[in-house]
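So the structure is just underneath, and the comments pick up after that.
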Ligand SMILES: [Zn+2]
């Protein structure tokens, strides 16, 4: 097997960069050297994410991150921006992402380049996360890397021999929008029965509330009410059992077929972030994905069934990914994966049952390593990725 382009030992010699992770709920910026954050500044995007309000905030956050790291912009090799798609990475223009109202044809790259006079690179957020994991995380020793993030939505990125798979229009690897149920419901993307519509955190919450509205979720509703009543005394952190060593933040834990029964997730910030997002996006709902996960964990049958359904659908998605890409590794990230074995074991069981033997035996299915900083690390990595190759996409590359 060919070695990855950048041995991890070289990270100390990498130039300093700025990473910007632009999301519908939060924006973060950091000064980085490879995977190492020298400073980090984050803020909520708030209810009005219009570019004329958000861009000055990001500029200010960058200046604050530089001040906190005690360095100047002249020491930066560039700015990498992870932004929600659709976008054109070659021009750095963002086209109306669904969760960023008002962002219609925003020339993100040029706006940042005019302000800071350094090379600027813009890339789809899931591709950016894939690049981050490929260079500095769970994908380090592999050539054919698939990254899937299961959060409020389901995103994907694919790297083939060190290249981000962009597709003809920069829309490749929309893994959340593969059809799982052809008789299913219409997804926001226009397709029917998408994986995202069935197995994302938003989907889990939607499913639970549908069951409750149909009068079949009394036990789940009671569980949610009890949780609410005790929310002052029982912290979310302690509500799920945690066992160190189930991946995340630094180590690769390969998921076996089936994974060991005692594995439980390491509770990270991501699940809380998913929850926050869900509360913001679906505040009319009574329960969110986290509540469903906790109820399932506590043995509430309807909650278990909902998670099982999402998990099996995820498994079918993984089978499709294995058959299409024959990847060395599939890296699973995003808050929903923090549910751990409850979600992952049924998914891996489906893979074991259905996937073709040769690619199934070749693939490593692992949890992401970079945790909630993956977007920032990946954004910074854009400078190493594009800069080194002289690819277009940055201000210098096209000048
Ligand atoms: Zn879809």
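Residue numbers (the numbering used here): 119 to 517.
Where is the CB? At the ideal position from N, CA and C, for every residue including glycine.
According to DSSP, residues forming a beta bridge with residue 162: 144
3 or more residues per run - each beta strand (DSSP E) lying fully within the stretch 284-333: none
Cβ neighbours of residue 357 in the same chain (closer than 6 angstroms, five flanking residues each side left out): Low local confidence applies: a pLDDT of 30 at residue 357 is under 50, so the model's placement there is unreliable, with the coordinate-based value given in what follows. Correct list, in chain order: 412.
Distance between residue 148 and residue 460 (C-alpha atoms, nearest Å): 34 angstroms
Chain-order list of residues whose beta-carbon lies under 8 angstroms from that of residue 160 (same chain, five-residue window excluded): 144, 145, 146, 147, 179
Contact test: residue 69 Cβ vs ligand 1 heavy atom, cutoff 8 angstroms: Because the chain here runs from 119 to 517, residue 69 falls outside it and cannot be looked at.
Euclidean distance between Cα positions of residue 307 and residue 295: 7 angstroms
Limits of the unbroken beta strand (DSSP E) element including residue 277: 272-278
Meets three-Cβ-pair contact criterion under 8 angstroms: the stretch 232-240 and the stretch 493-508: yes
Beta bridge counterpart(s) of residue 190 as assigned by DSSP: Answer is none; residue 190 lacks a bridge partner.
Bridge-paired residues (DSSP) for residue 213: 222
Cβ pair count under 8 angstroms reaching 3, the stretch 427-438 against the stretch 463-481: yes
Residues sharing a beta bridge with residue 157, DSSP: 149
Paired residues, beta bridge with residue 241 - DSSP: 200
Residue from 168, 215, 230, 166 whose Cα sits closest to the Cα of residue 137: 230
Check: residue 435 C-beta below 8 angstroms from any heavy atom of ligand 1: no
Which residues DSSP lists as bridging residue 482, in chain order: 447
Rounded straight-line distance, which links the Cα of residue 209 to that of residue 334: 50 angstroms
C-beta contact flag for residue 199 and residue 227 at 9 angstroms: yes
Contact under 9 angstroms by Cβ, residue 319 with residue 449: no
Selected residue, minimal CA-CA separation from residue 297, among 196, 324, 436, 197: 436
beta-carbon residue 325 near ligand 1 non-hydrogen atom, thresh 8 angstroms: no
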